[in-house]
Every structure is written in C-alpha cells, then in structure tokens.
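Under mature numbering (1 follows the signal peptide of the UniProt record, and there is no 0), residues -18 to -1, 1 to 557 are what the sequence shown spells out, in order.
Just so you know, even glycine gets a beta-carbon here, dropped at the ideal spot from N, CA and C.
Single-structure report; data block below.
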Amino acid sequence: MRGVFSCVTGAVAKGSLAAVLALLMSACFGSGSGDNDAEAPSTPVTPPTAVGDVMTSAEAARFLSQATFGPGEDDIDELVAMGVSAWFQAEFSKPQESILQDVLISERSGEETGPGALSEAFWSRAILSDDQLRQRMGFALSQIFVASFSDSGLAERPVAMANYMDIMSAGGLGNYRQTLENVTYSPAMAIFLTYLQNQKADEEREVVPDENYAREVMQLFTIGLLELQPNGDLRLDGGGDPIETYDNVDVTELAKVFTGLSWAESDNFFSRGETVGAEYLPLVMFDEQHSAEPKSFLGTNIPANTPGEQSIAMALDALYNHANTPAFISRQLIQRLVTSNPSSAYVGRVANAFRSGSFALPDGSVAGNGVRGDMRAVAAAILLDPEARDTTRVNDPAFGKIREPVLRFTHWARAFGVEDTRTEDAEVLRNTARPSTLNQQAYRSPSVFNFYRPGFVAPGTVSADQGLVAPELQITTGSSITGYANFMESFIFRDSESVNYVADYTEELALANDPAALVDHLDAILTYGSLRGESRSRIIAAIEAAGGAGEEQRQRRVGLAILMMMNSPDYITQR
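Encoded structure:
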C-alpha cells in the first residue's frame, strides 16, 4: 500500500553488508441473526467481469503470490502455459501431502517429534509440496481455526498437532462443514480450548460445562460477534446500532452440546488409551457424560435426551447454515490471500460462492460440487475476483496487504530452489515467533486470536486515518523489521553445501555483472514487475557500489540484490 510505507536506505559501504539497508515502515492500511441462510443458488457463481484464462508472466507471478507459498520461475512459466482453469483443476486433483505421516514415521524410528519437528514439517510442506493451493488455503484456515503448539499441552502431543495441521490442509480444498466437524472432534483443539473430557453439569460436585469452545466456535470459527448483511456489511437495529449475534445464554446453552467427548481407543472417559491412535483419531462420545438437558441457542432447539453426537451435528449444522457464516469467513480468507480491505461487493461475491458451493472458471468448467461451503469454489472466487485480478490495483494505496513474514521466507525458498528443508543446520527455523527472527511461526500463535486480528487498526497511522485495517501490522515493530532483515540476510548468504536451506542462484549469478538485468529478473519473480523506479534505482546503485568481478563479488552482488528486493516496500506490500 503505497503512501503508507516509507523506505529509508542507508549508504552501502563497499565490501560491507552490516548496514545494507534500514527499512522503516511508518504506516499501513488501517459480526448474525439466528435465522438460517437463504437457499444456495442453483447455478455456479460467475464473476461480474470476465477474467481471462490466459495470463502474462507478470499476471501469473502476481496470482501465484496470492495462491501459493510463493512462485519460482518454473511455477510462473507453468501457469502461463496451462491457463488459469487448467491450473485450478490440476490443483484440485493433487493428493494431499500429510504431515501426520511424517511425524508417525519419525516416532517409530525414534527421531525427534516435538515442536521443532512440527515446525520443520510445516516448512517442508510449504516449500516443497506440490499441492500448493491446498496447503496455502490450509494455512489461511489455520489462522481462523487457531490451535497453537506454543501451548504446553500441545507441545507435548506432536502427533495430535500434526493431525490438526493435516485437518487444516484438508479443509483448504474440502467442505467447511466437514472442517468444522473435524476440528470439533480433534484432540488438538479439545486440548487447546479445554473441552477434552468436558462433563455435564453436576450441582453436587459443582461441575459446569466448559464454555471455551462454545464461545470461540461462534465468535471466531463461524458467525462472529455482530450480525452481517450477505455482503459482510453490518446489520443495524432501528437506532442505527450493530446487533450482537449471541449472548451469554447462547454460550451457556451451546456449552452443553460439547460435553462427553474424550479420547478414542479408551473405554474410560477419564483416561487416555495406550495406543498412539488416541492422539490423532477423532474424539469419541461418552453419552453418560453428555448433558441430557434440552439445549436452546441462536434459535436452534435440541430436545432433551438427544444423543451426544446428534447434538453436536445439530449445533454444527446451525452454525454452518447461519446467515453470517459465508460473509464472516469469506472476508477473512480474502484478507489472508489478497487484500486487507476488500470491498463489500468482493466479500459478497465470495460469500455467494460459499453459499452455492460452485464457481465458474474462465473456460466454463466449474470449481466445487454445488454443496454449500465447498472451499474449491471459495478459493477460485477469491483468486479470480475482478478486484483480485485487476492489475491497476497494484497502484492503489488502499489495496493489498502486508506480506506475512512466514510467506516472505517460503517465497524466497521456493523462488530460489531450496531443496533440503531439514532444520538440523537451521535450528532457528524451529521457532521463528520471536521479533529477532520472523515474529511469526505457523501454528505457534500466542492465543486463539492468531498473531493478528482481522480488524486491527494501526494506531496513529495514515491507514488508520483512512479507515483501513492492517492485520499484519500488529506484529510489525521496530524490532521485528530489523529482525526480519537480519534473518533473511543469514539465509540469503547461506552458501555452504554442508548445511540446509541453501538456495540455487545459478541464473542470478549469470546476471551479476549486469545490475539492471539482475534487478529486472528479480522484479519479475518477486514483485511481478511492480518495482517502483525509485526502488529499482537504489538497488542498482547498491549493486554497482559493491564492485568487483570475481566469483565472490558476483555472489555478493546477487545476495545484496535479493536482500534489498525482499526488504523493499514494493515487496513487503503484496498487491
């Protein structure tokens, strides 16, 4: 978001990288009624403005920056050759690559399977997996359905957490209703939100059902706090005030639904079975511990003595079919993939694809099977919306998003051919949640509210004055800006063959003696041809100042060019 960032670059001392640049970001960009949603449209949603099936290299690079963990040159060329529709259909047909299987294999062989191994598994899937759209959508979902292994309970249960990570990836191109169910029965979420072995009320023992999950499944996973129009705008009461979606009575009543769940492969509600399967198999219902009382919430009534699994199914159906859910979830997914401040029309179109479960691709084929909540339709609607594909938006200061630190690193690794993603020689990647590194690590959020909230407004900024939200700025600080630059420098210049995460700069080294050509090449891969003239001139001048014609100097110029590109506001801001 141009006009919201300022970039200050210091003089580059010849032969020194210690003060390559100082990047300062001064500012950036700045939920329902209990009635079931309207019946889904019977035909696939079609964007109001036709999006072509053929893309230029620049358009493909921009699209893949939104749809994947970052493109390399081969990815860009493949999309240009295939066309958009064929690319989507190919992504839909790819098998999911499982983190759980990796962790189970490691456990059987006696290798480490703790938090560090889970982090390594995430980096490996994000960087190397072929099912990029599914993995990327799963990462977006994981920032809505947050379960974090920063929590000590999950840090000690890597198999449960690995299974949860697979649930998120599967949900990326699955059905939202199934993801809701998978999350609800997940041991990891039950531990994280404390409803594992949640008991029915017992006055004598002063036991009441735990309310954590009941609250968060409404507030964060489905309907939000305030009633919404179909396009995500707030509904207002007669006095012009927002309308709350639920109250504490709804929480208390819904909490009864999530009683009676405990470990699989155990015949005792209060104990965990001895097999490893208990860590990843869906929780099982012990009806003797499930509340037999009637439950009434959000206009849904569950009769007394309804079996536990049936009660949960009725509750999840009510939340899934709620009028708020399509717009509430669609807006957040748009924020994670494309832009922090989507228009109401954009949200409305994606929400319609959520309701219909189908979306017309440019060649006339369809994404989704016509069932509400099909995430294939949602993904296509988000990425092929006219607002997402309009190239003039690259110059719109209110459009786009801060590129998440995790995505910057994965983009570097994918763009420059990193093939060995073990962390034995890159232990810093086992926890990059500190400001001195990336200030973000997948599945290590400090709370159920993710690293940043979707409605975060950066205080005292131009974006705030313009009424814009900027979620990622919640983790953007002076320390994190410097930490990111240093972190990336340590990997960009990592050239020993005996360590992991080594990039292949063969193509870039061939251009090292032509600074302008080198920067144009990097612009095509990293910033899809959108590098501003001012940034381009500064980077070229810095490369020229590095001087020298030997191999070491060529490597230095390439590293310096990549480092400056990836710290430029043109790159940090994804449009």
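What does DSSP give as the partner residues of residue i in its beta bridges?
i           : result
residue 224 : 218
residue 279 : 282
residue 157 : 356
residue 537 : None; residue 537 has no bridge partner.
residue 521 : According to DSSP, residue 521 bridges with nothing at all.
residue 548 : In DSSP, residue 548 forms no bridge with anything.
residue 555 : 384
residue 342 : 348
residue 258 : Residue 258 pairs with nothing; no bridge assigned.
residue 267 : 243
residue 189 : 184
residue 27  : 341
Specify the secondary structure class of residue i as computed by DSSP and reduced to three states.
i           : result
residue 643 : Here the chain has residues from -18 to 557 only, and residue 643 is not among them.
residue 241 : coil
residue 316 : helix
residue 184 : strand
residue 13  : The predicted position of residue 13 is uncertain, since its pLDDT is 30 and thus under 50; no value can be drawn from it.
residue 292 : helix
residue 84  : helix
residue 37  : coil
residue 195 : helix
residue 5   : In this prediction, residue 5 has a pLDDT of 32, which is less than 50 and means its spatial position is unreliable; what the coordinates show is noted afterwards. Note: residue 5 maps to coil in three-state DSSP.
residue 418 : coil
residue 323 : coil
residue 408 : coil
residue 479 : coil
residue 175 : coil
residue 77  : coil
residue 93  : coil
residue 558 : The shown model of the chain, from -18 to 557, leaves out residue 558, and the question about it has no answer.
residue 530 : coil
residue 622 : For the chain, the structure presents residues -18 to 557; residue 622 sits outside this window and is missing.
residue 146 : helix
For my contact list, residue i and residue j are in at a C-beta cut-off of 8 Å; report their separation, rounded to the angstrom.
i           : j           : result
residue 141 : residue 258 : 6 Å
residue 52  : residue 389 : 6 Å
residue 236 : residue 172 : About 15 Å separates the two Cβ atoms, so there is no contact after all.
residue 482 : residue 405 : 7 Å
residue 181 : residue 271 : 5 Å
residue 175 : residue 126 : Not quite, the Cβ-Cβ distance comes to about 14 Å (not below 8 Å), so this is no contact.
residue 207 : residue 193 : Going by Cβ atoms, the distance from residue 207 to residue 193 rounds to 16 Å, so no, they are not a contact pair.
residue 147 : residue 81  : 5 Å
residue 210 : residue 306 : 5 Å
Could you compute how far the alpha carbon of residue i sits from the alpha carbon of residue j?
i           : j           : result
residue 220 : residue 431 : 31 Å
residue 495 : residue 544 : 15 Å
residue 121 : residue 318 : 9 Å
residue 518 : residue 435 : 33 Å
residue 309 : residue 381 : 19 Å
residue 391 : residue 276 : 50 Å
residue 205 : residue 69  : 32 Å
residue 115 : residue 339 : 17 Å
residue 56  : residue 498 : 22 Å
residue 383 : residue 542 : 25 Å
residue 167 : residue 37  : 42 Å
residue 314 : residue 328 : 12 Å
residue 386 : residue 245 : 36 Å
residue 408 : residue 113 : 25 Å
residue 351 : residue 119 : 18 Å
residue 343 : residue 378 : 26 Å
residue 284 : residue 195 : 18 Å
residue 261 : residue 144 : 10 Å
residue 522 : residue 376 : 22 Å
residue 459 : residue 158 : 34 Å
residue 428 : residue 530 : 46 Å
residue 63  : residue 503 : 19 Å
residue 223 : residue 215 : 13 Å
At the 9 Å Cβ level, is residue i part of the contact set with chain C, yes or no?
i          : result
residue 89 : The structure shown contains no chain C; it is built from a single protein chain.
Say yes only if the C-beta of residue i is nearer than 8 Å to one or more non-hydrogen atoms of the ligand FAD, and no if none qualify.
i          : result
residue 75 : This structure lacks the ligand FAD; in fact it carries no ligand of any kind.
### Message
Under 8 Å, with one C-beta from each stretch per pair, do the segment 75 to 83 and the segment 414 to 424 reach the 3-pair mark?
### Response
no
### Query
Can we say the segment 509 to 518 touches the segment 32 to 47, given the rule of at least three CB pairs closer than 8 Å?
yes
### Query
Are the segment 479 to 486 and the segment 399 to 409 in contact at 8 Å, needing three or more beta carbon pairs?
yes
### Task
Decide if the segment 79 to 89 is in contact with the segment 366 to 379; the criterion is three or more beta carbon pairs, one per stretch, under 8 Å apart.
no
### Query
Within the chosen definition, does the segment 345 to 365 reach the segment 247 to 256 through at least 3 CB pairs nearer than 8 Å?
no
### Task
Pair every Cβ in the segment 356 to 369 with every Cβ in the segment 92 to 101, then say whether three or more of these pairs are closer than 8 Å.
no
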